[in-house]
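Numbering (this note's numbering), first residue to last: 1 to 288. Beta carbons are placed, not taken as given, at the ideal position from N, Cα and C, and that holds for glycine. Nothing here was measured: the structure is a model prediction, and the numbers come from that model. What follows is a short report on a single structure.
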Ligand code: SF4
């Protein structure tokens with residue numbers, strides 16, 4: 001199955017398509033690891049660090065900050081820097097104004113997740129800018145991503161190296177199993193973020209792509225974060241795309257009209273039960 005994202009990835013079209021990972025990495029002046037702090041990005045870093053023969057400061061780890069990340073994401077990155085003994089460049093596109101910038105977009109573009117404006121604004125665009133600067137300084141740059149085939153059918157159909165929007169990239173742990181990823185991290189004595197122990201993962205805990213079951217889990221284990229998600233959801237209803245009945249969190253879900261109990265518009269009945277436990281479903285007016 002070819003996805004849009006796969007269509008924008010092309011092979012190098014030269015000898016690099018057949019090189020071993022070690023030889024490929026060492027053709028470049030610097031490597032830029034796109035780092036979320038999640039297990040796959042840690043394992044990718046560890047793998048390329050093992051194979052990289054260039055100077056340590058040319059193995060650059062970059063993280064795009066988003067204000068709806070886990071509240072202790074920054075502290076966890078501090079921990080990773082100390083245990084990995086490697087700096088992590090943190091890029092906050094809007095600096096101290098991140099939350100305001102997020103909430104403005106929330107009201108304009110809708111709840112983050114489904115249409116991924118959040119990723120492109122806070123992660124892809126600033127990291128692309130960073131790589132662009134390196135390229136303009138004349139360096140050959142290879143971007144490293146933690147994508148793995150095992151994660152989904154979509155990812156299994158992806159090309160693991162080549163050109164992505166004109167940038168050289170490779171997925172160094174593309175064929176690794178989850179067990180292998182965890183083993184490689186454990187071997188280095190690195191502890192995963194506490195959310196993993198709760199069945200969660202790194203990435204925004206209030207992401208609109210969560211399933212109903214995942215929202216329920218968040219409500220039970222991290223009620224404060226869950227409440228914050230509900231608050232943002234309410235604010236996102238001002239967005240035009242909601243008014244037009246367009247993009248919704250967890251795409252495919254239908255939008256309900258106003259709920260007289262909650263004074264907001266939850267999604268499906270199931271979702272409403274999860275997000276608005278005090279909501280009396282009989283009070284909902286279904287529009288779909
Ligand atoms: S995890 Fe979800 S909410 Fe966070 S940036 Fe990615 S798509 Fe957006």
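Residue i CB to nearest heavy atom of the ligand SF4 below 7 Å
i: residue 123; result: yes
i: residue 203; result: yes
i: residue 34; result: no
i: residue 68; result: yes
i: residue 112; result: yes
i: residue 208; result: yes
i: residue 116; result: yes
i: residue 119; result: yes
Where residue i falls: helix, strand or coil (DSSP)
i: residue 83; result: helix
i: residue 102; result: helix
i: residue 182; result: helix
i: residue 210; result: coil
i: residue 164; result: strand
i: residue 16; result: helix
i: residue 187; result: helix
i: residue 247; result: Below a pLDDT of 50, predicted positions are generally treated as unreliable, and residue 247, at 40, falls in that range; the measurement from the model is reported next regardless. Residue state, collapsed to three classes: coil.
Same chain, Cβ closer than 6 Å to residue i, five either side skipped, listed in chain order
i: residue 233; result: 111
i: residue 251; result: Per-residue confidence for residue 251 stands at a pLDDT of 35, beneath the threshold of 50, marking its modelled position as unreliable; the derived number appears in the next sentence. Taken in chain order, the residues that qualify are 114.
i: residue 123; result: 64
i: residue 162; result: 9, 10, 11, 12
i: residue 134; result: 141
i: residue 229; result: 206
i: residue 117; result: 109
i: residue 243; result: With a pLDDT of 45 at residue 243, under the threshold of 50, the modelled position of that residue is not reliable, and the figure given next carries that caveat. Excluding sequence neighbours, residue 243 sits near nothing in its chain.
Beta-carbon separation (whole angstroms), residue i vs residue j, contact threshold 8 Å
i: residue 195; j: residue 106; result: With a Cβ gap of about 22 Å, residue 195 and residue 106 do not count as contacting.
i: residue 177; j: residue 46; result: Rounded, the Cβ-Cβ distance is 15 Å, inconsistent with contact.
i: residue 37; j: residue 193; result: 7 Å
i: residue 31; j: residue 77; result: Incorrect: roughly 19 Å between the Cβ atoms, too far for contact.
i: residue 174; j: residue 149; result: 6 Å
i: residue 67; j: residue 98; result: 4 Å
i: residue 167; j: residue 131; result: 6 Å
i: residue 21; j: residue 51; result: 6 Å
Contacts around residue i, its chain only, beta-carbon distance under 7 Å, and the 5 residues preceding and following it disregarded
i: residue 3; result: Reliability of the predicted coordinates at residue 3 is poor, the pLDDT of 49 falling under 50, and the value obtained from them is presented with this limitation in mind. Result list for residue 3: 154, 157, in chain order.
i: residue 69; result: 204
i: residue 127; result: 34, 62, 64, 91
i: residue 144; result: 31, 32, 33, 34, 44, 48, 170, 172
i: residue 199; result: 217
i: residue 40; result: 146, 148, 173, 181
i: residue 53; result: 26
i: residue 88; result: 35, 61, 63, 77, 80, 81
i: residue 14; result: none
Sequence-distant residues of its chain with Cβ nearer than 8 Å to residue i (five each side left out)
i: residue 24; result: 16, 142, 161, 170
i: residue 189; result: 83
i: residue 100; result: 94
### Task
Any chance you could list the beta strand (DSSP E) runs of at least 3 consecutive residues sitting entirely within the stretch 21-91, in chain order?
Within the stretch 21-91, the complete beta strand (DSSP E) runs of at least 3 residues fall at 30-34, 59-64, 88-91.
### Query
Enumerated in chain order, which unbroken segments of the beta strand (DSSP E) with a length of 3 residues or greater are wholly contained in the stretch 96-161?
Those beta strand (DSSP E) runs which fall completely within the stretch 96-161 and span 3+ residues are 141-144.
### Task
Could I get the ranges of all uninterrupted alpha helix (DSSP H) runs contained in the stretch 216-240, with 4 residues as the minimum, in chain order?
For the stretch 216-240, whole alpha helix (DSSP H) runs of length 4 or above, ordered along the chain, are 223-236.
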